[in-house]
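> Residue numbers (my numbering), protein chains in the order written: chain A, 9 to 203; chain B, 9 to 203; chain C, 9 to 203; chain D, 9 to 203.
Where is the CB? At the ideal position from N, CA and C, for every residue including glycine.
Next up is a structure, given as structure tokens.
Protein chains: 4
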Amino acid sequence: MVEQRTSRRGRPVSEASRVAALGSAAELLDERGWAGFSVDEVARRSRVGKATIYKHWPSGFALAVQAWGERVTQAVPTLNSGDARSDLYDQVVRLAAFYRSRSGAVAVELLGAGVSAESGAELIAEHFFGARRTATLALVRDGIERGQLGGELDPQLVIDALFGPIVFRLVNGMPALTDSEAAALARLTLRALGA
Amino acid sequence: MVEQRTSRRGRPVSEASRVAALGSAAELLDERGWAGFSVDEVARRSRVGKATIYKHWPSGFALAVQAWGERVTQAVPTLNSGDARSDLYDQVVRLAAFYRSRSGAVAVELLGAGVSAESGAELIAEHFFGARRTATLALVRDGIERGQLGGELDPQLVIDALFGPIVFRLVNGMPALTDSEAAALARLTLRALGA
Amino acid sequence: MVEQRTSRRGRPVSEASRVAALGSAAELLDERGWAGFSVDEVARRSRVGKATIYKHWPSGFALAVQAWGERVTQAVPTLNSGDARSDLYDQVVRLAAFYRSRSGAVAVELLGAGVSAESGAELIAEHFFGARRTATLALVRDGIERGQLGGELDPQLVIDALFGPIVFRLVNGMPALTDSEAAALARLTLRALGA
Amino acid sequence: MVEQRTSRRGRPVSEASRVAALGSAAELLDERGWAGFSVDEVARRSRVGKATIYKHWPSGFALAVQAWGERVTQAVPTLNSGDARSDLYDQVVRLAAFYRSRSGAVAVELLGAGVSAESGAELIAEHFFGARRTATLALVRDGIERGQLGGELDPQLVIDALFGPIVFRLVNGMPALTDSEAAALARLTLRALGA
DNA sequence: GCCTAAGCGAGACGGTACGTCTCGTCTTATC
DNA sequence: GATAAGACGAGACGTACCGTCTCGCTTAGGC
Numbered sequence: 009m010v011e012q013r014t015s016r017r018g019r020p021v022s023e024a025s026r027v028a029a030l031g032s033a034a035e036l037l038d039e040r041g042w043a044g045f046s047v048d049e050v051a052r053r054s055r056v057g058k059a060t061i062y063k064h065w066p067s068g069f070a071l072a073v074q075a076w077g078e079r080v081t082q083a084v085p086t087l088n089s090g091d092a093r094s095d096l097y098d099q100v101v102r103l104a105a106f107y108r109s110r111s112g113a114v115a116v117e118l119l120g121a122g123v124s125a126e127s128g129a130e131l132i133a134e135h136f137f138g139a140r141r142t143a144t145l146a147l148v149r150d151g152i153e154r155g156q157l158g159g160e161l162d163p164q165l166v167i168d169a170l171f172g173p174i175v176f177r178l179v180n181g182m183p184a185l186t187d188s189e190a191a192a193l194a195r196l197t198l199r200a201l202g203a
Numbered sequence: 009m010v011e012q013r014t015s016r017r018g019r020p021v022s023e024a025s026r027v028a029a030l031g032s033a034a035e036l037l038d039e040r041g042w043a044g045f046s047v048d049e050v051a052r053r054s055r056v057g058k059a060t061i062y063k064h065w066p067s068g069f070a071l072a073v074q075a076w077g078e079r080v081t082q083a084v085p086t087l088n089s090g091d092a093r094s095d096l097y098d099q100v101v102r103l104a105a106f107y108r109s110r111s112g113a114v115a116v117e118l119l120g121a122g123v124s125a126e127s128g129a130e131l132i133a134e135h136f137f138g139a140r141r142t143a144t145l146a147l148v149r150d151g152i153e154r155g156q157l158g159g160e161l162d163p164q165l166v167i168d169a170l171f172g173p174i175v176f177r178l179v180n181g182m183p184a185l186t187d188s189e190a191a192a193l194a195r196l197t198l199r200a201l202g203a
Numbered sequence: 009m010v011e012q013r014t015s016r017r018g019r020p021v022s023e024a025s026r027v028a029a030l031g032s033a034a035e036l037l038d039e040r041g042w043a044g045f046s047v048d049e050v051a052r053r054s055r056v057g058k059a060t061i062y063k064h065w066p067s068g069f070a071l072a073v074q075a076w077g078e079r080v081t082q083a084v085p086t087l088n089s090g091d092a093r094s095d096l097y098d099q100v101v102r103l104a105a106f107y108r109s110r111s112g113a114v115a116v117e118l119l120g121a122g123v124s125a126e127s128g129a130e131l132i133a134e135h136f137f138g139a140r141r142t143a144t145l146a147l148v149r150d151g152i153e154r155g156q157l158g159g160e161l162d163p164q165l166v167i168d169a170l171f172g173p174i175v176f177r178l179v180n181g182m183p184a185l186t187d188s189e190a191a192a193l194a195r196l197t198l199r200a201l202g203a
Numbered sequence: 009m010v011e012q013r014t015s016r017r018g019r020p021v022s023e024a025s026r027v028a029a030l031g032s033a034a035e036l037l038d039e040r041g042w043a044g045f046s047v048d049e050v051a052r053r054s055r056v057g058k059a060t061i062y063k064h065w066p067s068g069f070a071l072a073v074q075a076w077g078e079r080v081t082q083a084v085p086t087l088n089s090g091d092a093r094s095d096l097y098d099q100v101v102r103l104a105a106f107y108r109s110r111s112g113a114v115a116v117e118l119l120g121a122g123v124s125a126e127s128g129a130e131l132i133a134e135h136f137f138g139a140r141r142t143a144t145l146a147l148v149r150d151g152i153e154r155g156q157l158g159g160e161l162d163p164q165l166v167i168d169a170l171f172g173p174i175v176f177r178l179v180n181g182m183p184a185l186t187d188s189e190a191a192a193l194a195r196l197t198l199r200a201l202g203a
């Protein structure tokens with residue numbers, strides 16, 4: 009077995025600095041959004057040197073995405089109760105609620121920036137959707153296997169069909185979906201996916 | 009009838025400058041996207057003074073959105089042939105093709121930035137979705153009236169259900185929808201909306 | 009006799025505009041000095057078009073010099089009482105008082121700018137020193153003729169010797185000459201010029 | 009003894025940048041004078057960032073004065089040979105020669121601007137006249153002590169009397185003093201100051 | 001208990017964009 | 001035909017942020 013050589017000579021990398029930068033980055037995104045975000049300001053607030061920040065993250069965008077990722081992923085817990093239809097319905101309603109919040113608006117800003125940022129797609133996928141999309145994919149597949157959902161549509165597309173409308177609303181510059189609107193959309197799509 | 013008072017004192021605003029700025033802005037967005045956009049560079053390329061640009065548009069974002077709006081709205085013509093189901097199906101497939109293009113990626117960047125920009129929602133609504141959303145809304149309403157579509161869902165939500173998944177894919181950092189995937193999604197949603 | 013044909017077709021040149029621009033220019037120089045002077049602001053205050061201003065004066069500097077020239081030349085009246093020594097002594101003391109004032113500070117700003125401005129020397133000579141220097145020159149020559157002053161020094165240099173120290177003080181960043189200091193200097197130089 | 013605390017936290021200020029900016033500023037003043045001077049152009053030529061320039065100097069004027077100060081102070085060396093009369097005479101002739109040069113014209117521009125600039129008087133006094141005026145003052149006082157000069161006039165006024173006419177000529181928009189004119193003026197004033 | 005190496009904060013660096021201002025010119029409708 | 005109003009291209013203003021760099025200080029393992 010390969011021995012993991014964790015300690016080297018010299019002062020070790022400071023976990024405290026990493027955490028402090030993430031915390032200040034999240035705080036700054038909360039206050040000013042991505043448009044008002046700057047690495048200088050994160051360094052100022054966290055008392056972490058800019059060079060140290062650039063050692064941990066390749067860009068301010070990468071830092072912001074990771075800092076915000078915690079909020080995005082914690083906002084809506086993944087679930088798999090055995091009833092795929094009801095689990096998916098719950099997820100849609102909960103995610104709609106998230107995107108109605110301040111946090112959701114900042115998340116959408118970052119989603120847009122991710123399209124052009126260096127490694128933006130990977131960063132967004134990893135910190136915003138990665139674990140969730142995988143879990144929801146399993147949920148859909150389980151549902152199809154159990155006969156709760158029809159299997160004619162690619163499970164990836166099922167996810168897009170369920171959650172896409174929520175984000176679309178926001179980037180259209182329209183009011184976010186209410187709970188009842190989100191519920192109506194979820195019922196529509198789930199009905200179409202009926203076994 | 010309201011008399012159109014077109015002339016005022018002083019030298020009139022130069023239409024040529026306005027058009028030149030829009031052209032250079034579109035060119036710049038094409039080359040570098042919104043992340044690489046700057047008012048200085050637009051001024052440089054178009055040989056239009058910065059002060060003139062700021063007289064026409066309150067911010068670089070407003071200029072970029074208007075410049076790009078022409079591409080977005082011209083990419084997919086609105087239609088109303090009398091057959092709502094087939095018209096909506098066509099729109100979905102065409103729009104998916106647009107968002108697969110370079111132009112679509114830049115459009116998504118701007119959509120994200122619009123969330124936080126000053127008057128971002130209004131600008132996006134006016135230049136990106138305004139006319140199209142209104143036309144598509146009429147299409148849906150006509151379809152319901154003619155009995156081609158079921159009327160249980162708010163027409164606005166119908167639009168979100170149809171077009172939302174396309175944009176969602178992109179901001180998830182995943183490959184854009186292929187024609188056949190877009191078609192499958194359109195069929196799913198239209199089936200659920202069956203009379 | 010040749011009839012002077014002063015009127016031509018079209019609207020005559022407005023003397024009122026010229027005077028208004030001069031007035032606003034002087035007011036602006038009073039408030040902000042040459043450093044804070046701008047043709048735009050003169051046009052704004054005087055409600056005279058910028059093009060009209062540039063028709064009357066080739067540059068903002070020319071306008072400023074003419075506007076301020078009235079203050080400079082009116083501040084110290086020329087005199088020739090027959091007693092050259094006492095007349096020159098009076099002039100020195102009066103001019104020192106002028107350069108102690110706000111008006112004097114602005115005048116020195118313009119003197120400095122005149123060194124490099126287009127036609128600066130001519131403008132300064134004409135509006136600031138022209139008539140005065142000619143008159144004082146006559147005073148000196150009369151004094152020499154009458155035997156009140158020695159004639160070994162070029163009259164032009166006499167003027168420089170008498171009035172130079174006053175301005176020099178100001179551009180050295182030192183407090184302006186008091187009346188008694190100016191008097192002491194005048195007496196020194198006049199003594200040296202004794203017949 | 010006071011301990012010299014030379015090192016501080018953070019990257020030290022770059023002496024090379026400071027020197028490069030001064031050099032480019034002097035070059036620019038030489039070419040275009042104060043009227044054609046701009047911080048942007050200095051930054052461009054010296055490849056020093058504008059922020060760095062504004063860290064070293066509070067304004068473009070402060071930079072220009074310091075950059076030109078070296079030329080002004082090196083143009084005429086101070087001296088004190090023991091013979092005050094001959095030393096002062098030499099100084100007047102040499103200074104007249106300096107003000108006849110291109111460098112002298114730029115210096116006069118800066119003198120005028122210093123009247124209104126923020127801290128203009130202090131900057132001019134420090135970089136243009138400071139050391140020289142102090143040295144010349146000592147020269148005059150030594151001369152009075154040794155009986156070479158009469159002591160009835162304030163030594164500060166002696167300096168104004170000797171050097172004022174030189175600058176006055178220039179700001180009058182007249183040709184600068186020739187060597188022989190300067191010499192005549194110096195003789196006149198020194199005669200008046202005779203013991 | 002020193003020595004050496006690496007990470008640390010602080011902050012200066014060159015570069016570039018911001019949005020505003022002024023310059024001197026121009027193009028209208030009005031007088 | 002001269003005017004005021006005001007838009008125009010050009011480019012400087014002083015500030016902010018980018019990502020890199022250079023300091024002195026700190027913290028570890030190796031000797």
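Pull up the distance between the alpha-carbon of residue 53 (chain A) and that of residue 117 (chain C), whole angstroms please.
As a first step, residue 53 (chain A) must be located in the first sequence, where it is residue number 45. As a first step, residue 117 (chain C) must be located in the third sequence, where it is residue number 109. Rounded to the nearest angstrom, the two C-alpha atoms are 46 angstroms apart.
> Of all the CB atoms in chain C, is at least one closer than 7 angstroms to the CB of residue 45 (chain D)?
Reading the fourth sequence from its first residue, position 37 is the one you call residue 45 (chain D). Closer than 7 angstroms: no.
> So, with DSSP's three-state summary, where would you put residue 201 (chain B)?
As a working note, residue 201 (chain B) is residue 193 in the second sequence. Three-state DSSP puts residue 201 (chain B) in coil, outside helix and strand.
> What do you reckon, are the CB atoms on residue 95 (chain B) and residue 147 (chain B) nearer than 7 angstroms?
If you number the second sequence from 1, residue 95 (chain B) lands on position 87. If you number the second sequence from 1, residue 147 (chain B) lands on position 139. Against a cut-off of 7 angstroms, the Cβ pair of residue 147 (chain B) and residue 95 (chain B) comes out as a contact.
> For residue 41 (chain B), which residues of its own chain have a beta-carbon under 8 angstroms away from its beta-carbon, when the five flanking residues on both sides are left out?
Counting from one through the second sequence, the residue named residue 41 (chain B) turns up at place 33. Counting only Cβ-Cβ distances below 8 angstroms, and skipping sequence neighbours, we find 113, 114 and 117.
> Looking at the structure shown, is residue 185 (chain A) part of a helix, part of a strand, or coil, going by DSSP?
Here residue 185 (chain A) refers to the residue found at position 177 of the first sequence. Note: residue 185 (chain A) maps to coil in three-state DSSP.
> Taking CB distances under 7 angstroms as the criterion, tell me whether residue 89 (chain A) reaches chain B.
For the purposes of this step, residue 89 (chain A) is identified with residue 81 of the first sequence, where counting begins at 1. Residue 89 (chain A) does not count as touching chain B.
> Using a Cβ-Cβ cut-off of 7 angstroms, state whether residue 168 (chain B) counts as contacting chain A.
For the purposes of this step, residue 168 (chain B) is taken as the residue at position 160 of the second sequence. Closer than 7 angstroms: yes.
> Output the residue ranges of the alpha helix (DSSP H) runs that lie fully inside the segment 74-140 of chain A and measure 4 residues or longer, sorted by chain position.
With a minimum length of 4 residues, the continuous alpha helix (DSSP H) runs that stay inside the segment 74-140 of chain A are 92-108, 110-122 and 128-132.
> Can you give the Cα-Cα distance for residue 176 (chain A) and residue 175 (chain B), rounded to whole angstroms?
Counting from 1 along the first sequence, the entry for residue 176 (chain A) is found at position 168. Counting from 1 along the second sequence, the entry for residue 175 (chain B) is found at position 167. Approximately 7 angstroms, taken between the alpha carbons.
> Of all the options A:164, A:201, A:184 and A:143, which has the alpha carbon lying nearest to the alpha carbon of residue 155 (chain A)?
For this step, residue 155 (chain A) is matched to residue 147 along the first sequence. Ranking A:164, A:201, A:184 and A:143 by Cα distance to residue 155 (chain A) puts A:201 first.
> Which of the three DSSP states is assigned to residue 157 (chain B) in this structure?
For the purposes of this step, residue 157 (chain B) is identified with residue 149 of the second sequence, where counting begins at 1. In the structure shown, residue 157 (chain B) sits in a strand (DSSP, three-state: E or B).
> Counting contacts by CB-CB distance shorter than 7 angstroms, is residue 129 (chain B) in contact with chain A?
Within the second sequence, numbered from 1, the residue matching residue 129 (chain B) stands at position 121. By this cut-off, residue 129 (chain B) is an interface position.
> Measure the alpha-carbon distance for residue 48 (chain C) versus residue 101 (chain C) and round it to whole angstroms.
Your numbering for residue 48 (chain C) matches position 40 in the third sequence. Your numbering for residue 101 (chain C) matches position 93 in the third sequence. Their Cα atoms are separated by approximately 37 angstroms.
> Starting from residue 116 (chain A), find everything on chain B with Cβ-Cβ shorter than 7 angstroms and list it in chain order.
Numbered from its first residue, the first sequence carries residue 116 (chain A) at position 108. Near residue 116 (chain A) (Cβ distances below 7 angstroms), the residues of chain B are 120 and 123.
> Given that residue 189 (chain C) touches chain D, what residues does it touch there, using C-beta distances under 8 angstroms?
Walking along the third sequence from the start, residue 189 (chain C) turns up at place 181. Within 8 angstroms Cβ-Cβ: 162 and 165.
> Considering just the uninterrupted stretch of the alpha helix (DSSP H) at residue 173 (chain C), what are its terminal residues?
Position 165 of the third sequence holds residue 173 (chain C). Run containing residue 173 (chain C): 163-179, per the alpha helix (DSSP H) assignment.
> Chain C partners of residue 42 (chain D), CB-CB under 7 angstroms?
The sequence position of residue 42 (chain D) within the fourth sequence is 34, counting from 1. The answer, in chain order, is 124.
> Between the segment 72-92 of chain C and the segment 131-144 of chain C, do three or more beta carbon pairs fall short of 8 angstroms?
The segment 72-92 of chain C, when compared against the segment 131-144 of chain C, does touch it at the 8 angstroms Cβ threshold.
> Using a cut-off of 7 angstroms between C-beta atoms, extract the partners of residue 173 (chain D) located in chain C.
Walking along the fourth sequence from the start, residue 173 (chain D) turns up at place 165. 168, 169 and 172, listed in chain order.
> Using the three-state DSSP reduction, which class does residue 50 (chain B) fall into: helix, strand or coil?
Here the question's residue 50 (chain B) lines up with position 42 in the second sequence. Looking at residue 50 (chain B) - three-state DSSP - the assignment turns out to be helix.
> Relative to chain B, which residues along the segment 190-202 of chain A have a C-beta separation below 7 angstroms, given in chain order?
So the close ones are 192, 193, 196, 197, 199 and 200.
> Do residue 72 (chain D) and residue 33 (chain D) have their C-beta atoms within less than 7 angstroms of each other?
Here residue 72 (chain D) refers to the residue found at position 64 when the fourth sequence is read from its first residue. Here residue 33 (chain D) refers to the residue found at position 25 when the fourth sequence is read from its first residue. The answer is yes: Cβ separation under 7 angstroms.
> Measure from the C-beta of residue 158 (chain A) to each C-beta in chain B and report whether the shortest distance is under 7 angstroms.
In the first sequence, the residue the question calls residue 158 (chain A) occupies position 150. No - not a single Cβ of chain B is within 7 angstroms of the one on residue 158 (chain A).
> Which residues of chain D have a Cβ atom closer than 7 angstroms to the Cβ of residue 137 (chain C), listed in chain order?
Along the third sequence, read from residue 1 onward, the residue named residue 137 (chain C) stands at position 129. Those within 7 angstroms of residue 137 (chain C) in chain D are 180.
> Nearest to residue 163 (chain D) by CA position, among D:183, D:180, D:142 and D:178, is which residue?
Counting from 1 along the fourth sequence, the entry for residue 163 (chain D) is found at position 155. Of the listed residues, the one whose Cα sits closest to residue 163 (chain D) is D:142.
> Alpha carbons only, please: which of B:23, B:44 and B:43 is nearest the one belonging to residue 56 (chain B)?
Your numbering for residue 56 (chain B) matches position 48 in the second sequence. Nearest of B:23, B:44 and B:43 to residue 56 (chain B), Cα basis: B:23.
> Can you find a CB in chain C that lies within less than 7 angstroms of the CB of residue 177 (chain D)?
As a position in the fourth sequence, residue 177 (chain D) is number 169, starting the count at 1. True, the Cβ-Cβ gap to chain C drops below 7 angstroms.
> Taking Cβ-Cβ distances below 7 angstroms as the criterion, which residues of the segment 51-79 of chain D are in contact with chain C?
If the cut-off is 7 angstroms between Cβ atoms, the segment 51-79 of chain D has nothing near chain C.
> Pull up the CB-CB distance for residue 198 (chain B) and residue 107 (chain B), whole angstroms please, since I reckon it's below 8 angstroms.
To locate residue 198 (chain B), count along the second sequence from 1; it is residue 190. To locate residue 107 (chain B), count along the second sequence from 1; it is residue 99. Not quite, the Cβ-Cβ distance comes to about 19 angstroms (not below 8 angstroms), so this is no contact.
> Report the residue from C:188, C:97, C:120 and C:160 whose alpha carbon sits nearest the alpha carbon of residue 196 (chain D).
In the fourth sequence, the residue the question calls residue 196 (chain D) occupies position 188. Considering only alpha carbons, the answer is C:160.
> List, in order along the chain, the chain A residues whose C-beta lies closer than 8 angstroms to that of residue 133 (chain B)?
Counted from its first residue, the second sequence places residue 133 (chain B) at position 125. Here the neighbours are 180, 181 and 182.
> Starting from the C-beta of residue 37 (chain D), find all residues in its chain whose C-beta is less than 7 angstroms away, skip the five residues before and the five after it, and write them out in chain order.
For the purposes of this step, residue 37 (chain D) is taken as residue 29 along the fourth sequence, with counting starting at 1. So the qualifying residues of the chain are 45, 72, 75, 76 and 114.
> With a cut-off of 7 angstroms, does the C-beta of residue 104 (chain D) fall near any C-beta of chain C?
Numbered from 1 along the fourth sequence, position 96 holds the residue referred to as residue 104 (chain D). By this cut-off, residue 104 (chain D) is not an interface position.
> Which chain C residues sit within Cβ distance under 9 angstroms of residue 113 (chain D)?
As a first step, residue 113 (chain D) is located in the fourth sequence; it is residue number 105 there, counting from the start. Ordered by position in chain C, the residues that pass the 9 angstroms Cβ test against residue 113 (chain D) are 123 and 124.
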